[in-house]
Amino acid sequence: MIAGSWPPRSLAKLGPSPPPSALPTASPLPANDSQCGEQILSYGNVEKVVIGAVLSLITLLTVAGNCLVVISVCFVKKLRQPSNYLIVSLALADLSVALAVMPFVSVTDLIGGEWIFGRLFCNVFIAMDVMCCTASIMTLCLISIDRYLGITRPLTYPVRQNGKCMAKMILCVWLLSASITLPPLFGWAQNVNDEKVCLISQDFGYTIYSTAVAFYIPMSVMLFMYYQIYKAAKRSAAKHKFAGFPRPEEMEGISMNGVVKLHKEAEECTNFSRLLKHDKKNISIFKREQKAATTLGIIVGAFTVCWLPFFLLSTARPFICGTACSCIPLWVERTFLWLGYANSLINPFIYAFFNRDLRTTYRNLLQCRYRNINRKLSAAGMHEALKLAEKPEFVL
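In full-length UniProt numbering, the protein residues as written are 1 to 396.
Have a look at this one:
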């Protein structure tokens, strides 16, 4: 991804495979064209099998999970809503990471860090890596904004019901993500690209620009949106806790005349019924806000845990080590990089955990029960459709 030091900047020709060992070892290599010595990880046969199996499992699960999201939203009528277009966009970005990025990173890691796919493909690969990861991050940011506006301004935020507006927002996200890949292709901060090294530029200015646009700004927006939703949910909880019914003092002064008593009792029954309906509506809003706060909180938390270590390292490395070489142990860089990629794996499972319709769809798709999905979801949601002013459930 963006400022990742991968593969190593300086690589010597690989000699005979080292004997298996309990732990991976690092071997210093002499400087080459980039005038920078680097360490590569040498694994024994057992370590290669274990690492290869783990990386392959991460890749396959990422592909499967995000394919389920795309299929579910595209083919299930209840989930085919404008707000869920964001989920499809996020799933496509994560799916692109799994298909176009993870396999090449896995192979490069297993052979010690040497780039074997050629100079031409190096620039294509870097562009795909940067664009897909950035699109995933920015879509998460857009989801947080969408949820905030949907909760705090349900009557004045029309984008949820307008598919064209949502499509334009998604297009802007992808165009902005692609724009980060352009500077190295047009002369500013060119990528390191020779027969053995494929590395995005470590230029100071480009590093600040790319990490800020791709991570720090979106993360700040997501944290702010979550804080605002959390405050709204907290206020709603306080109102729900202290809401009450008409106090007994309001009944003082009522005539003891039987007709008047009956009239007052009938009036109070009517008021009580209206209060119950109003209370049901408030409870529904309260539950929506609580669910939105919880879901978005977990999404933001997972995103921060996965990507923050990598971007902190990427931002600090040029200032600590300079632009010519990396003084960070390679295994640390690779661990943080794969931790970031893992965010593309966990997103589909977060959605399924918090959304009953998506869980039901996943289960039916995995059991090959395609024909019954829409009917089952319709039957399960009949009681929700009878609620006053109740909106369809969204994925997020």
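Glycine residues also receive a C-beta, built at the ideal position from the N, C-alpha and C atoms.
Minimum C-alpha distance to residue i - residue among the options
{"i": "residue 146", "options": "131, 64, 132, 162", "result": "162"}
{"i": "residue 178", "options": "152, 230, 93, 166", "result": "93"}
{"i": "residue 113", "options": "334, 357, 355, 169", "result": "334"}
{"i": "residue 55", "options": "364, 337, 363, 367", "result": "337"}
{"i": "residue 227", "options": "175, 216, 297", "result": "297"}
{"i": "residue 136", "options": "303, 328, 311", "result": "303"}
{"i": "residue 175", "options": "225, 78, 139", "result": "139"}
{"i": "residue 212", "options": "118, 151, 307", "result": "307"}
{"i": "residue 167", "options": "68, 89, 66", "result": "89"}
{"i": "residue 219", "options": "305, 165, 152, 153", "result": "305"}
{"i": "residue 132", "options": "369, 96, 117", "result": "96"}
{"i": "residue 148", "options": "371, 208, 291", "result": "291"}
Residues near residue i by beta carbon distance below 7 angstroms, same chain, minus five either side
{"i": "residue 115", "result": "7, 108, 122, 196, 197, 198"}
{"i": "residue 48", "result": "110"}
{"i": "residue 103", "result": "59"}
{"i": "residue 309", "result": "336, 339"}
{"i": "residue 63", "result": "95, 98, 99"}
{"i": "residue 68", "result": "348, 362, 365"}
{"i": "residue 373", "result": "76, 361, 364"}
{"i": "residue 65", "result": "345, 348, 349"}
{"i": "residue 22", "result": "Reliability of the predicted coordinates at residue 22 is poor, the pLDDT of 43 falling under 50, and the value obtained from them is presented with this limitation in mind. Around residue 22: no qualifying Cβ."}
Buried/exposed call for residue i, threshold 16 Cβ in 10 Å
{"i": "residue 98", "result": "buried"}
{"i": "residue 127", "result": "buried"}
{"i": "residue 397", "result": "Residue 397 is absent from the structure shown; the chain starts at 1 and stops at 396."}
{"i": "residue 172", "result": "exposed"}
{"i": "residue 313", "result": "buried"}
{"i": "residue 156", "result": "exposed"}
{"i": "residue 254", "result": "The predicted position of residue 254 is uncertain, since its pLDDT is 45 and thus under 50; a value taken from the coordinates is nonetheless stated next. Burial call: exposed."}
{"i": "residue 332", "result": "exposed"}
{"i": "residue 57", "result": "exposed"}
{"i": "residue 348", "result": "buried"}
{"i": "residue 300", "result": "buried"}
{"i": "residue 479", "result": "What the structure shows of the chain is the stretch from 1 to 396, and residue 479 is not part of that stretch, so it cannot be assessed."}
{"i": "residue 224", "result": "exposed"}
{"i": "residue 419", "result": "Nothing about residue 419 can be reported from this structure: the residues present for the chain run from 1 to 396 only."}
{"i": "residue 125", "result": "buried"}
{"i": "residue 311", "result": "buried"}
{"i": "residue 185", "result": "exposed"}
{"i": "residue 150", "result": "buried"}
CB contact below 8 angstroms: residue i versus chain B
{"i": "residue 177", "result": "No chain B appears in the structure shown, which is made up of a single protein chain."}
Spatial neighbours of residue i in its chain, beta-carbon cut-off 6 angstroms, leaving aside the 5 residues before and after
{"i": "residue 359", "result": "352"}
{"i": "residue 134", "result": "177, 180, 214"}
{"i": "residue 293", "result": "229, 230, 233"}
{"i": "residue 354", "result": "295"}
{"i": "residue 370", "result": "none"}
Any non-hydrogen atom of the ligand MN closer than 7 angstroms to residue i Cβ
{"i": "residue 173", "result": "Although the ligand MN was asked about, the structure shown includes no ligands whatsoever."}
Other residues of its chain near residue i: CB distance less than 8 angstroms, five sequence neighbours each side excluded
{"i": "residue 221", "result": "141, 144, 145"}
{"i": "residue 53", "result": "none"}
{"i": "residue 170", "result": "85, 86, 89, 139, 142"}
Do three or more CB pairs link the region 223–240 to the region 196–207 at distances below 8 angstroms? Result no; under three Cβ-Cβ pairs closer than 8 angstroms.
Evaluate contact between the region 309–324 and the region 83–92, counting only Cβ atoms and requiring at least three cross-stretch pairs below 8 angstroms. Contact annotation: the region 309–324 does not touch the region 83–92, with fewer than three C-beta pairs closer than 8 angstroms.
Any contact of the region 107–114 with the region 301–321, i.e. 3+ C-beta pairs under 8 angstroms? The count of Cβ pairs closer than 8 angstroms, one atom from the region 107–114 and one from the region 301–321, stays below three, leaving the stretches out of contact.
The region 225–232 touching the region 336–343, judged by at least three CB pairs closer than 8 angstroms: These segments do not touch.
Suppose only complete runs of 3+ residues qualify. What are the beta strand (DSSP E) ranges in the region 133–165, listed by chain order? Listed in chain order, there is nothing to give.
Is it the case that the region 63–74 contacts the region 362–374, given that we only count it when at least three CB pairs across the two stretches are under 8 angstroms? They touch, by the three-pair rule.
Residue ranges of each alpha helix (DSSP H) run of no fewer than 4 residues wholly in the region 296–382, ordered along the chain? As far as the region 296–382 is concerned, its whole alpha helix (DSSP H) runs of at least 4 residues are 330–354, 356–366, 373–380.
As an exercise, report each continuous alpha helix (DSSP H) stretch of at least 4 residues that is fully enclosed by the region 185–233, in chain order. The region 185–233 contains these whole alpha helix (DSSP H) runs: 204–211.
Can you list the alpha helix (DSSP H) stretches of 4 or more residues lying completely in the region 50–121, in chain order? Listed in chain order, the complete alpha helix (DSSP H) runs (minimum 4 residues) inside the region 50–121 are 85–100, 102–110.
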